[in-house]
Amino acid sequence: MDIGLLILRLVIGTLFIGHGTQKLFGWWNGGGPAGTARFFDHVGFRPAPPLAILAGLTETGGGSLILLGLLTPLGAAGVIGVMTAAGVVVHLPNGLWNTNGGIELPLMNAAAAAALAFSGPAMVGWRRAQAGGAHVPETELRQPPRAA
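The sequence shown begins at 176 in the numbering used here and counts up one residue at a time.
See the structure below:
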């Protein structure tokens, strides 16, 4: 199970870093802040320029946290939020299937992020590395640090 979660974390984290940097910097044929803001304005997200930056930061930051296995539930929450907004506003009017621009892909992305949020970083992650490779119970990951 840990290897499966690692694969999911690597793929989802990396793709969301890429998705966010398309918005922030225009990398990989992305629109950059100006192009993303134009699209956001077109679909009704206003004020578009700051929301474009916020979406890019959320995707890049959330993807980074997921990739590292650091504060996984927080990173996943960001991804789920952005995918929910995109899914409902942009994709849901087109139905379910991605072939028609439907909600299928944002729904799968949000579901994958939710699975990671509830599963935690598993065997390989920043928190596990801090513990010297020892098993860190998921409940401990969700609790504030204890005073020494």
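Every residue, glycine too, gets a C-beta built ideally from N, C-alpha and C.
Annotation: the continuous alpha helix (DSSP H) that includes P281 extends over E279 to S294. Along the length of the stretch 180 to 232, whole alpha helix (DSSP H) runs at least 4 residues long occupy 207 to 218, reported in chain order.
Within the same chain, Cβ atoms closer than 6 angstroms to the Cβ of L199 are found at G231, the five residues on either side in sequence being excluded. At a Cβ-Cβ threshold of 9 angstroms, F220 and A209 do not count as neighbours. Following the DSSP letters along the chain, one finds P248 inside the alpha helix (DSSP H) bounded by residues T247 to A261. In the three-state scheme derived from DSSP, where H, G and I count as helix and E and B as strand, G276 is classed as coil. Taking a C-beta distance under 9 angstroms as the contact criterion, E279 and L271 qualify as a contact pair. A distance below 6 angstroms between beta-carbons, with the five flanking residues on each side excluded, links G188 to the following residues of its chain, in chain order: G238, I241 and L242. For G237, the secondary structure class from DSSP, reduced to helix, strand or coil, is helix. If you ignore the 5 residues before and after W203, its C-beta comes within less than 7 angstroms of the C-beta of G193 and Q197, all in its own chain and listed in chain order.
The beta carbon of D216 sits closer than 7 angstroms to the beta carbons of A223 from its chain, once the five residues preceding and following it are set aside; these are given in chain order.
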